[in-house]
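2 protein chains.
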Amino acid sequence: MPPFARFESLAAVLDWLDLRTAPLPPETVAPAGAFGRVLAEDIVAPLDFPPFDRAAVDGYAVRGLDTAGAGGYGPLFLPLCGEIAAGCADPGRLPPGGAFRIAAGAPLPAAADAVAPLAYAEEMAGQVEFTEAVAPGENVARRGTDFTQGARLLPAGRRLGPRDLAVLAACGIGAIRVAGRPRARLVLAGAGLAAAERGVHEVFEADAALLAALVARDGGGVETCRRVAGDPAALREALSEPAVDVILVAGGSGEGRTDGAASALREAGELAFHGIALEPARSAGVGRVGNTLVFLLPGEPVACLCAYDSLAGRALRVLAGFGTAPPYPQRRAVLARKIASALGSVDYCRVRLDAAGTAEPLATGRHTGLAALAWADGFLWVPEDSEGYPAGAEVAVFLYDGVF
Amino acid sequence: MPPFARFESLAAVLDWLDLRTAPLPPETVAPAGAFGRVLAEDIVAPLDFPPFDRAAVDGYAVRGLDTAGAGGYGPLFLPLCGEIAAGCADPGRLPPGGAFRIAAGAPLPAAADAVAPLAYAEEMAGQVEFTEAVAPGENVARRGTDFTQGARLLPAGRRLGPRDLAVLAACGIGAIRVAGRPRARLVLAGAGLAAAERGVHEVFEADAALLAALVARDGGGVETCRRVAGDPAALREALSEPAVDVILVAGGSGEGRTDGAASALREAGELAFHGIALEPARSAGVGRVGNTLVFLLPGEPVACLCAYDSLAGRALRVLAGFGTAPPYPQRRAVLARKIASALGSVDYCRVRLDAAGTAEPLATGRHTGLAALAWADGFLWVPEDSEGYPAGAEVAVFLYDGVF
Numbered sequence: 001m002p003p004f005a006r007f008e009s010l011a012a013v014l015d016w017l018d019l020r021t022a023p024l025p026p027e028t029v030a031p032a033g034a035f036g037r038v039l040a041e042d043i044v045a046p047l048d049f050p051p052f053d054r055a056a057v058d059g060y061a062v063r064g065l066d067t068a069g070a071g072g073y074g075p076l077f078l079p080l081c082g083e084i085a086a087g088c089a090d091p092g093r094l095p096p097g098g099a100f101r102i103a104a105g106a107p108l109p110a111a112a113d114a115v116a117p118l119a120y121a122e123e124m125a126g127q128v129e130f131t132e133a134v135a136p137g138e139n140v141a142r143r144g145t146d147f148t149q150g151a152r153l154l155p156a157g158r159r160l161g162p163r164d165l166a167v168l169a170a171c172g173i174g175a176i177r178v179a180g181r182p183r184a185r186l187v188l189a190g191a192g193l194a195a196a197e198r199g200v201h202e203v204f205e206a207d208a209a210l211l212a213a214l215v216a217r218d219g220g221g222v223e224t225c226r227r228v229a230g231d232p233a234a235l236r237e238a239l240s241e242p243a244v245d246v247i248l249v250a251g252g253s254g255e256g257r258t259d260g261a262a263s264a265l266r267e268a269g270e271l272a273f274h275g276i277a278l279e280p281a282r283s284a285g286v287g288r289v290g291n292t293l294v295f296l297l298p299g300e301p302v303a304c305l306c307a308y309d310s311l312a313g314r315a316l317r318v319l320a321g322f323g324t325a326p327p328y329p330q331r332r333a334v335l336a337r338k339i340a341s342a343l344g345s346v347d348y349c350r351v352r353l354d355a356a357g358t359a360e361p362l363a364t365g366r367h368t369g370l371a372a373l374a375w376a377d378g379f380l381w382v383p384e385d386s387e388g389y390p391a392g393a394e395v396a397v398f399l400y401d402g403v404f
Numbered sequence: 405m406p407p408f409a410r411f412e413s414l415a416a417v418l419d420w421l422d423l424r425t426a427p428l429p430p431e432t433v434a435p436a437g438a439f440g441r442v443l444a445e446d447i448v449a450p451l452d453f454p455p456f457d458r459a460a461v462d463g464y465a466v467r468g469l470d471t472a473g474a475g476g477y478g479p480l481f482l483p484l485c486g487e488i489a490a491g492c493a494d495p496g497r498l499p500p501g502g503a504f505r506i507a508a509g510a511p512l513p514a515a516a517d518a519v520a521p522l523a524y525a526e527e528m529a530g531q532v533e534f535t536e537a538v539a540p541g542e543n544v545a546r547r548g549t550d551f552t553q554g555a556r557l558l559p560a561g562r563r564l565g566p567r568d569l570a571v572l573a574a575c576g577i578g579a580i581r582v583a584g585r586p587r588a589r590l591v592l593a594g595a596g597l598a599a600a601e602r603g604v605h606e607v608f609e610a611d612a613a614l615l616a617a618l619v620a621r622d623g624g625g626v627e628t629c630r631r632v633a634g635d636p637a638a639l640r641e642a643l644s645e646p647a648v649d650v651i652l653v654a655g656g657s658g659e660g661r662t663d664g665a666a667s668a669l670r671e672a673g674e675l676a677f678h679g680i681a682l683e684p685a686r687s688a689g690v691g692r693v694g695n696t697l698v699f700l701l702p703g704e705p706v707a708c709l710c711a712y713d714s715l716a717g718r719a720l721r722v723l724a725g726f727g728t729a730p731p732y733p734q735r736r737a738v739l740a741r742k743i744a745s746a747l748g749s750v751d752y753c754r755v756r757l758d759a760a761g762t763a764e765p766l767a768t769g770r771h772t773g774l775a776a777l778a779w780a781d782g783f784l785w786v787p788e789d790s791e792g793y794p795a796g797a798e799v800a801v802f803l804y805d806g807v808f
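Spelled out as structure tokens, the structure:
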């Protein structure tokens with residue numbers, strides 16, 4: 001292909017992308033497999049919780065007023081009239097002036113209104129001696145005090161964590177609607193790449209491992225991975241087959257004669273943008289085949305990560321219901337050295353942080369390698385309209401290691 | 405069992421635990437399955453990278469001095485003498501005064517020392533016209549400039565993220581040593597719990613879903629889940645079988661007559677602590693059977709989460725090589741209301757955050773439910789020696805939602 005005539009602004013590309021991405025249609029799953037998925041609908045309580053009045057502690061079910069004066073000058077005894085275990089179908093009725101031994105979680109017997117904890121009482125010869133009084137209502141969890149039937153427990157859009165799975169289980173909910181999981185295809189279109197054995201002038205293919213992990217992190221799954229290096233027909237075929245939500249083409253995006261990704265996408269569907277004002281990923285491109293979003297990512301791994309984080313990852317996260325926010329936590333840091341950045345281009349600038357929160361820019365531009373990437377702690381996007389930042393400037397850094 | 409006579413300080417329990425936990429023996433895995441695992445050894449580069457001198461851009465391989473003066477007053481032409489593709493086994497030698505078309509990543513021919521990018525040149529009739537000069541070394545990635553054989557690329561202890569997997573792939577490394585993955589057994593020992601159908605005075609079992617997600621988050625896997633409610637022999641058996649690293653017993657940890665977890669652990673192995681000054685999980689316990697750590701967790705899900713986050717999760721993360729730090733990101737927040745906390749006890753206090761960073765304490769103590777937990781955004785541990793914090797105090801909140 002000819003050299004790039006111009007580079008589209010990243011903001012314009014993201015605008016195009018955001019108009020064409022929305023959470024995938026929801027699917028029904030069991031909560032047990034839903035850790036990390038995004039709720040597609042509100043979860044409304046199907047029952048009161050607790051579903052019945054119950055003892056909040058192990059102890060003795062009583063009428064609270066019957067223990068009035070306990071712990072005063074004389075001993076206070078009530079006859080032990082029975083025992084109620086957790087799960088007991090029929091806890092019966094507390095006789096006047098009596099006490100039932102009761103387990104935490106067990107249903108409160110009729111006529112009882114309080115539970116004296118074990119530390120307040122001692123059993124002897126069919127009697128319970130109380131050393132402290134309990135007020136009516138004490139240590140009783142009344143039906144519906146946690147939540148009532150119809151209450152909105154979890155909102156649509158919630159990414160399900162451990163505590164949410166506990167809420168669903170406590171409600172006996174066995175199926176939920178969650179945002180669909182984006183299905184991705186990797187297409188490795190770069191030339192001169194080795195798999196297991198490396199030819200003398202080849203380098204090992206590294207984008208498949210990178211992209212599979214990134215897609216998984218962003219809520220998707222790689223369904224297929226095709227090597228099509230040097231085979232334009234196989235590349236076109238890999239773009240034309242439907243049945244995935246996103247296709248990530250790694251390599252072949254540049255301006256060389258053997259770089260076929262852009263022309264293959266133009267033939268197979270729509271090449272919306274090729275050449276983006278984004279360093280170090282200027283040769284990135286975006287388009288569609290039918291409803292499948294296609295991203296052309298530079299093959300060089302650092303540039304591939306830059307293009308993924310700046311473009312494809314955002315689309316995957318929107319499809320998965322995660323929203324547009326980057327997946328990395330942010331922290332403030334002070335620049336140890338200035339960052340220079342060309343006007344008109346967004347720079348994906350890696351930095352290393354020290355313990356004091358000082359950020360050292362590792363490099364800008366395109367010719368920086370994997371070792372520096374591994375050494376980085378995070379990155380920042382220097383905006384298009386900025387020429388960079390002076391030493392001492394405070395910046396917000398996205399942290400690579402906060403995403404597990 | 406009798407009521408608790410005293411409650412051990414959480415710090416003493418953690419000291420005991422930390423002395424008995426260390427990363428599990430490493431295992432060998434393929435990098436493709438190692439996303440999120442922890443390196444057990446340094447990764448040392450087995451090759452120089454790039455492994456040969458190569459073109460950094462698509463363009464024309466030349467002697468830089470041959471382009472001196474290009475872009476001046478007259479046209480500068482060099483004869484096109486060949487083409488070098490990426491992966492080319494033998495790029496040959498550049499004839500004096502000539503140019504080779506070259507792809508990004510392709511090996512530099514002998515005698516060439518620079519690559520003129522496509523934008524600097526135009527081909528016509530077997531000649532290349534250069535419109536800008538390139539200096540010797542320009543756009544050439546020399547062998548070993550990213551890293552050299554023997555360089556330490558990734559340190560032992562590193563949790564492997566996407567970029568690390570790219571580094572491993574680029575090195576052609578097919579097997580790595582990572583910290584072992586803790587194997588956990590869940591033992592559900594609470595009474596009155598329903599699975600699919602709920603009896604009138606039962607509640608649905610919720611700890612299995614909670615704990616399975618927590619264990620997965622902390623680098624482990626639940627291998628088996630046993631329901632032993634009301635069956636002391638089955639509980640003892642579940643504790644006695646070896647072959648896991650951690651046993652989490654949910655429920656049955658209290659002081660009631662049917663709470664058999666502590667006595668079963670004392671019989672099966674060592675009950676090191678039972679009764680911990682930790683709200684809302686005072687009935688938690690810790691011990692061992694052989695080398696297997698056993699945690700007794702209260703059955704009530706909020707208390708179960710408190711005990712897991714305060715005790716068991718820390719142990720799992722150390723075993724998995726993650727270290728002792730909590731898995732939740734932290735942020736500063738200002739308390740909207742005071743938090744009261746009893747001296748001598750650590751309080752696991754849930755808070756809700758508003759957009760301005762104000763934290764509303766949801767409740768302290770034990771009788772707070774799942775709905776409030778779902779509504780919380782994070783929590784803090786109020787230390788043993790603190791009576792809490794006044795309204796307006798700045799506190800560090802651990803965020804529940806930052807752990808995906």
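Here the protein sequences line up with chains A and B, keeping their order.
Position 253 of the first sequence, counting from 1, maps to 253 under the working numbering, and the rest follow consecutively.
Quick note, the working numbering runs 404 ahead of the 1-based positions in the second sequence.
Even for Gly, the Cβ is constructed at its ideal location relative to N, Cα and C.
Predicted, not measured: the structure shown is a model, and the values here were computed from it.
Residue interval of the alpha helix (DSSP H) (run including residue i)
{"i": "E671 of chain B", "result": "A665 to A672"}
{"i": "D207 of chain A", "result": "D207 to R217"}
{"i": "A363 of chain A", "result": "Note, A363 of chain A: premise wrong, no alpha helix (DSSP H); beta strand (DSSP E) at T358 to A363."}
{"i": "P390 of chain A", "result": "That residue, P390 of chain A, is in no alpha helix (DSSP H); it is neither H nor E in DSSP."}
{"i": "R20 of chain A", "result": "First-last for R20 of chain A: undefined, no H or E at that position."}
{"i": "R314 of chain A", "result": "G313 to L319"}
Test item: CB-CB of residue i and residue j under 8 Å
{"i": "P182 of chain A", "j": "L319 of chain A", "result": "yes"}
{"i": "R631 of chain B", "j": "L592 of chain B", "result": "yes"}
{"i": "A415 of chain B", "j": "E788 of chain B", "result": "yes"}
{"i": "A795 of chain B", "j": "L739 of chain B", "result": "yes"}
{"i": "F439 of chain B", "j": "A574 of chain B", "result": "no"}
{"i": "P430 of chain B", "j": "R621 of chain B", "result": "no"}
{"i": "G299 of chain A", "j": "G251 of chain A", "result": "yes"}
{"i": "L512 of chain B", "j": "R458 of chain B", "result": "yes"}
{"i": "A776 of chain B", "j": "A763 of chain B", "result": "no"}
{"i": "P79 of chain A", "j": "G126 of chain A", "result": "yes"}
{"i": "V755 of chain B", "j": "L784 of chain B", "result": "yes"}
{"i": "T28 of chain A", "j": "A175 of chain A", "result": "yes"}
{"i": "Y400 of chain A", "j": "A376 of chain A", "result": "yes"}
Simplified DSSP assignment, three categories, for residue i
{"i": "A30 of chain A", "result": "coil"}
{"i": "D781 of chain B", "result": "coil"}
{"i": "V461 of chain B", "result": "coil"}
{"i": "T662 of chain B", "result": "coil"}
{"i": "A800 of chain B", "result": "strand"}
{"i": "G530 of chain B", "result": "coil"}
{"i": "T628 of chain B", "result": "strand"}
{"i": "S237 of chain A", "result": "In the sequence as displayed, the identity of residue 237 of chain A is Glu instead of Ser. In this structure, E237 of chain A counts as helix in the three-state DSSP scheme."}
{"i": "R741 of chain B", "result": "coil"}
{"i": "C485 of chain B", "result": "strand"}
{"i": "P511 of chain B", "result": "strand"}
{"i": "G287 of chain A", "result": "strand"}
{"i": "V13 of chain A", "result": "helix"}
{"i": "V44 of chain A", "result": "strand"}
Extent of the continuous beta strand (DSSP E) to which residue i belongs
{"i": "P117 of chain A", "result": "A114 to P117"}
{"i": "D347 of chain A", "result": "V346 to L353"}
{"i": "G99 of chain A", "result": "First, the residue type needs correcting, since residue 99 of chain A is Ala and not Gly in the sequence shown. Looking at the DSSP string, the run of the beta strand (DSSP E) that includes A99 of chain A is A99 to I102."}
{"i": "V249 of chain A", "result": "V246 to A250"}
**Q.** Given 8 Å, three or more beta-carbon pairs between the stretch 504-520 of chain B and the stretch 437-446 of chain B
**A.** no
Q.
So if I threshold CB-CB distances at 8 Å, which residues from the stretch 309-320 of chain A count as touching chain B?
A. none
**Q.** Segment contact flag, the stretch 53-60 of chain A with the stretch 658-675 of chain B, C-beta cutoff 8 Å, min 3 pairs
**A.** yes
Q: Using a Cβ-Cβ cut-off of less than 8 Å, give me the residues of the stretch 175-206 of chain A that come near chain B, in sequence order.
A: G190, A191, G192, L193, A194, A196, R198, G199, V200, H201, E202, V203, F204, E205 and A206
Q. Using Cβ-Cβ distances below 8 Å, what residues of the stretch 639-666 of chain B are close to chain A?
A. G658, E659, G660, R661, T662 and D663
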